[in-house]
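In our numbering, the protein residues as written are 523 to 657. Every residue gets a Cβ at the ideal spot worked out from N, C-alpha and C, and that includes glycine. On a predicted model such as this, the values are computed, not experimentally measured, just so you know.
Set out below in structure tokens:
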């Protein structure tokens with residue numbers, strides 16, 4: 523009986539911990555390019571509004587994803603990973619770490635989505651990241 527009481531106490535404790543953790547999740551603006559976990563935003567950021575959204579990134583220690591759309595500026599391949607750069611140097615930029623290089627075409631929009639990591643004031647890394655042509 524004593525063991526069952528401990529198990530019941532652990533179950534209550536774990537259930538309570540789950541409620542505490544969920545209470546700490548940020549509220550994310552549905553119009554933002556951010557999502558909890560691995561979601562894809564319906565309204566991606568663009569190079570024109572990226573700096574605005576970087577200043578409004580959720581303050582959260584868990585997984586946040588970001589979605590960005592625009593033409594690629596650079597595509598680098600090291601034999602294992604590809605590094606796709608979006609947006610002009612000198613302003614806010616995004617680097618997507620993915621598994622295949624892409625063609626750089628200033629007239630072609632690409633959708634990038636992945637795990638958000640702020641590198642510095644104007645630099646974001648999405649890792650891992652998926653890249654696909656914008657339909």
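Each of 585, 550, 586, 610 was checked against the Cα of residue 593, and the nearest Cα belongs to 610. Excluding the 5 residues flanking it on each side, residue 591 has same chain C-beta neighbours closer than 8 Å at 566, 567, 568, 631, 632, 633, 634, 656, in chain order. The criterion of a C-beta distance shorter than 8 Å is satisfied by residue 617 and residue 647. Beta-bridge analysis with DSSP links residue 605 to 598, 619. Nearest in C-alpha terms to residue 652, of all of 604, 579, 550, 577, is 604.
For residue 574, the enclosing alpha helix (DSSP H) stretches over residues 572-576. The C-beta distance from residue 607 to residue 595 rounds to 5 Å, short enough to fall under 8 Å. Contact annotation, residue 597 with residue 626: C-beta distance approximately 5 Å; criterion of less than 8 Å satisfied.
Under the three-state reduction of DSSP output, residue 582 falls in the coil class, being neither helix nor strand.
Under the three-state reduction of DSSP, residue 562 is assigned to coil, being neither helix nor strand.
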